[in-house]
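Numbers in this note's numbering are just positions in the sequence shown, counted from 1, shifted up by 2.
Worksheet: the structure to be examined is printed underneath.
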Amino acid sequence: MGRSSRRGVIAVALVAAAAIALPASAGAGQPDVSLKVAKQKDGPYREHVGAHMDLNQAKDFYWKVRNVTDAKLTQVLIIDGAKYPPGWIARWFRGENNITSDVRNAGYEFALGVGKSKIFRSHLKATKAIGPLCHDAAAGPPETSQSFALVSINDPVCLF
Numbered sequence: 003m004g005r006s007s008r009r010g011v012i013a014v015a016l017v018a019a020a021a022i023a024l025p026a027s028a029g030a031g032q033p034d035v036s037l038k039v040a041k042q043k044d045g046p047y048r049e050h051v052g053a054h055m056d057l058n059q060a061k062d063f064y065w066k067v068r069n070v071t072d073a074k075l076t077q078v079l080i081i082d083g084a085k086y087p088p089g090w091i092a093r094w095f096r097g098e099n100n101i102t103s104d105v106r107n108a109g110y111e112f113a114l115g116v117g118k119s120k121i122f123r124s125h126l127k128a129t130k131a132i133g134p135l136c137h138d139a140a141a142g143p144p145e146t147s148q149s150f151a152l153v154s155i156n157d158p159v160c161l162f
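Spelled out as structure tokens, the structure:
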């Protein structure tokens with residue numbers, strides 16, 4: 003499969019996976035939150051970053067969820083709906099608390115004041131043959147549009 007056709011297949015798969023993870027009424031309007039990712043806790047934060055990982059290497063990524071409305075958001079979820087191939091370990095943290103099971107399932111729930119943000123950390127490790135990986139997350143209140151950010155590992159195939 004050529005590089006450009008592989009990008010198309012992966013992009014379609016990511017869009018399909020994101021649509022499954024979102025509530026049925028999501029998709030209209032602007033998201034109530036901004037979600038961005040960085041390689042270091044102090045940034046710079048972007049909607050997409052690229053990274054390279056070698057076998058048995060681990061890396062942390064930092065995800066900033068910011069309330070962009072003029073009202074307190076009492077229920078915000080951060081969700082990682084990615085399907086990780088064998089050999090990739092993905093864990094999620096809020097501070098020192100491991101919140102992986104929440105983020106990987108129904109979503110980790112929290113509140114955000116006006117203009118406030120929270121930072122989450124994901125920890126990736128590659129333990130088997132290394133190939134490209136799209137590490138992404140979505141955030142927002144249930145029943146609203148979601149904000150997405152992603153990390154493309156070992157290949158820019160996540161760009162779409």
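Built from N, CA and C at the ideal position, the CB exists for glycine as well.
In this text the structure is predicted, and so the values were computed from the model without any measurement.
- Annotation: the stretch 61 to 147 contains the following complete segments of the beta strand (DSSP E) (minimum length 3 residues), in chain order: 75 to 81, 90 to 96, 110 to 114, 119 to 128, 135 to 142.
- Closest in alpha carbon position to phenylalanine 150, among Gly83, Ile101, Pro134, is Gly83.
- If you draw a straight line from the Cα of arginine 68 to the Cα of lysine 61, it comes to about 23 Å.
- Between glycine 97 and alanine 131, the CB-CB gap reaches or exceeds 8 Å.
- Here tyrosine 47 really is in contact with alanine 40; their C-beta atoms are around 5 Å apart, less than 8 Å.
- Check the Cα spacing between lysine 74 and each of Leu152, Ala128, Ile155, Val116: the tightest is with Val116.
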